[in-house]
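2 protein chains.
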Amino acid sequence: MAEERDIIDRSPSLVEKLAKRLQEDIATGRYRPGAKLPAEQQLCENYGVSRATVREAVGRLKHDGLVVSRQGAGAFVAPSGLPSVFRLDVTDFSDAEEMTHIAELLIAVEAAASELAARRRSPEQLARIREALHAMQRAIDRKEPGVEEDLAFHRAIIEATGNPFFRDLSDFLDQRVRRFIRTARANTARFQGLTQAVQVEHQAIYDAIEAGEGAWARDAAERHLRQAAARLELYLRT
Amino acid sequence: MAEERDIIDRSPSLVEKLAKRLQEDIATGRYRPGAKLPAEQQLCENYGVSRATVREAVGRLKHDGLVVSRQGAGAFVAPSGLPSVFRLDVTDFSDAEEMTHIAELLIAVEAAASELAARRRSPEQLARIREALHAMQRAIDRKEPGVEEDLAFHRAIIEATGNPFFRDLSDFLDQRVRRFIRTARANTARFQGLTQAVQVEHQAIYDAIEAGEGAWARDAAERHLRQAAARLELYLRT
DNA sequence: TCCTGCCTGCTTGTCTGGCAAGCAGATTTT
DNA sequence: AAAATCTGCTTGCCAGACAAGCAGGCAGGA
């Protein structure tokens, strides 16, 4: 049953190779910012592939904002010569080192967000954070792990920063890291006492945000996340 | 000459619309994680487009890690049901609010990185940071703005964290924000005194990293970047 | 001389049809 | 029952085609 289905890496497909090649050509200045790329037909001959392949490769660069195209006119390198999207490639979530690195980034982002939230939160946003905190407590009282409530609490804080970049980045990291924590928590029977500890830390963060104390909020958030990372180690070891 | 070339938005192309639609269908659970997507032929009929269009749309989702495909077997929603890449879309760099938000993120990342660097830097990494600091001083002595040297200094610090995610994210933000600063600096004649002020702040960061004082390095970096943001305001206003 | 409208060639967006490689389940053979 | 084979389906890639749209030139008129 436990069939080892090792997914063989067939990745360097034609499209991928071509896209990478074009990206390099732009990065190294062969195609300069604002310059017109060769026509698709031309690229076909240059690289010896069909037009469909060229189109898909160029389509990816367009998706990343590295090139823009106008029907009838041609495809052009973006004025900045840089992709407009940041790609955070997380290949392997079981890799311990990679998880550590992600956790570091998560801590940095979340701590800074908590500081901003403490300084800027509106009364309504504060109320929403408080409500999430209470929901978390109710989950604990029901003896549930309350991962969704946990996530909602942090989400409410992030939202209070009013900075969409923080929100999007935090969402990305949260959805992955916390989902990891959930499965870990669910597999251990001893989470009851620990989730109450989590709640105490949450309370500290909330108090700081309510008081409008940025530095305090930052410290509380950082402490909480470091503890969470330590707890994760504990879950995994049991 | 000052030709107003407002690029009309023709964007919702067929491919884009289809890609967005599929992404929604995955997000809303119509296609569940790990499930097999309908065959390309099937999707053609479902959405009334040709196979080439379907292929390009699905290709984008593959690029984002949201689906994986195996030749002969089919295309499947990624096990996590989430894209493996984080897309930080910066649409408009002239928008003041958006710049403020990006600057906040940059400060958070760079300050955290400086703290990590102070705690972890190897002697070799410290030497590299010092060398970058000196190069910056030489640029100032030559009465140049030294933006490249400035960038190299921060790059050396980031590198010392040993965390590739910090490096990539910082690179992304740096390349954009600092390029912005460069043009601003170049357009003002009063940068001589100001770059010397920059250097004093750099020195403070370096001293903290050399001493291995994390908290100190964080504060110095944060102070520096806040000053930089303030100077940027000044540049732009003159 | 300068402007205006048309025209022509080129480019991208989309479609159709087709072939090879590869997978998965059913069928046959051992 | 286990192994080998067959068959239908799917993706990867290709060739050719047409419509929509852009840019520069050209001719004619003011």
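Here the protein sequences line up with chains P and U, keeping their order. For the first sequence, our numbering assigns the number 2 to the initial residue and increments by one for each residue that follows. For the second sequence, our numbering assigns the number 2 to the initial residue and increments by one for each residue that follows. Virtual Cβ for every residue (Gly too), placed ideally from N, Cα, C.
Output the boundary residues of the alpha helix (DSSP H) element that contains residue i.
i	result
Ala104 of chain P	Ala97 to Arg121
Gly60 of chain P	Arg52 to His64
Asp90 of chain U	Where Asp90 of chain U is concerned, there is no enclosing alpha helix (DSSP H), given that its DSSP letter is neither H nor E.
Met47 of chain U	At residue 47 of chain U the sequence reads Asn, which differs from the Met that was named. Counting along the chain, the alpha helix (DSSP H) containing Asn47 of chain U begins and ends at Glu41 to Tyr48.
Leu134 of chain P	Pro124 to Asp142
Just reading off the beta strand (DSSP E) that residue i is part of, what are its end residues?
i	result
Val69 of chain U	Val68 to Arg71
Ala74 of chain P	That residue, Ala74 of chain P, is in no beta strand (DSSP E); it is neither H nor E in DSSP.
Assuming the contact rule is C-beta atoms closer than 8 Å, residue i and residue j should be a hit. Round their C-beta distance to whole Å, please.
i	j	result
Leu62 of chain P	Asp169 of chain U	The Cβ separation is near 18 Å, so there is no contact.
Pro1 of chain U	Ser81 of chain U	In this structure chain U extends from 2 to 239, so residue 1 of chain U is not present and cannot be described.
Leu19 of chain U	Val50 of chain U	6 Å
Phe167 of chain U	Ala114 of chain U	5 Å
Leu117 of chain U	Leu226 of chain U	Contact flag wrong, Cβ pair sits at about 16 Å.
Gln24 of chain P	Leu67 of chain P	7 Å
Phe154 of chain P	Ile130 of chain P	7 Å
Val110 of chain P	Ala109 of chain U	6 Å
Leu195 of chain U	Arg139 of chain U	The Cβ separation is near 17 Å, so there is no contact.
Specify the secondary structure class of residue i as computed by DSSP and reduced to three states.
i	result
Lys21 of chain P	helix
Val148 of chain P	helix
Arg179 of chain P	helix
Asp7 of chain U	Low local confidence applies: a pLDDT of 44 at Asp7 of chain U is under 50, so the model's placement there is unreliable, and no value is given.
Met2 of chain U	The predicted position of Met2 of chain U is uncertain, since its pLDDT is 37 and thus under 50; a value taken from the coordinates is nonetheless stated next. Coil, per DSSP.
Leu15 of chain U	helix
His225 of chain U	helix
Phe154 of chain U	helix
Roughly how many whole angstroms lie between the Cα atoms of residue i and residue j?
i	j	result
His203 of chain U	Val78 of chain P	35 Å
Arg52 of chain P	Ser123 of chain U	50 Å
Glu214 of chain P	Ala136 of chain U	39 Å
Val199 of chain U	Val178 of chain P	37 Å
Ile210 of chain P	Ala222 of chain P	10 Å
Ala76 of chain P	Glu234 of chain P	50 Å
Arg224 of chain U	Tyr207 of chain U	13 Å
Gln126 of chain P	Arg156 of chain P	11 Å
Ala112 of chain P	His102 of chain P	16 Å
Pro13 of chain U	Asp26 of chain U	18 Å
Gly147 of chain U	Gln42 of chain U	57 Å
Gly60 of chain U	Arg180 of chain P	27 Å
Thr29 of chain U	Arg56 of chain P	29 Å
Ala205 of chain P	Phe87 of chain U	30 Å
Ile141 of chain U	Asp65 of chain U	43 Å
Ala119 of chain P	Ala212 of chain P	7 Å
Val16 of chain P	Thr184 of chain U	37 Å
Asp175 of chain U	Ile158 of chain U	13 Å
Ala230 of chain U	Arg22 of chain U	40 Å
Arg219 of chain U	Val201 of chain U	16 Å
Met100 of chain P	Val91 of chain P	9 Å
Arg71 of chain U	Arg31 of chain U	21 Å
Phe173 of chain P	Lys144 of chain U	43 Å
Ala104 of chain P	Asp151 of chain U	28 Å
Tyr48 of chain U	Asn164 of chain P	36 Å
Kindly indicate if chain P contains any beta-carbon less than 8 Å away from that of residue i.
i	result
Phe167 of chain U	yes
Ala155 of chain U	According to the sequence shown, residue 155 of chain U is His rather than Ala. Chain P, which has no Cβ nearer than 8 Å to the Cβ of His155 of chain U, makes this no.
His225 of chain U	no
Gly60 of chain U	yes
Gln197 of chain U	no
Arg6 of chain U	Residue placement at Arg6 of chain U cannot be trusted, given a pLDDT of 37 that sits under 50; what the coordinates show is reported in the next sentence. No - not a single Cβ of chain P is within 8 Å of the one on Arg6 of chain U.
Gln126 of chain U	no
Check whether the Cβ of residue i lies closer than 8 Å to any Cβ atom in chain U.
i	result
Arg56 of chain P	yes
Glu41 of chain P	no
His102 of chain P	yes
Glu132 of chain P	no
Asn47 of chain P	no
Leu170 of chain P	yes
Ser51 of chain P	no
Ser85 of chain P	yes
Phe181 of chain P	no
Arg139 of chain P	no
Ala1 of chain P	An answer regarding residue 1 of chain P cannot be provided, because it is not within the stretch 2 to 239 covered by chain P.
Phe173 of chain P	yes
Glu25 of chain P	no
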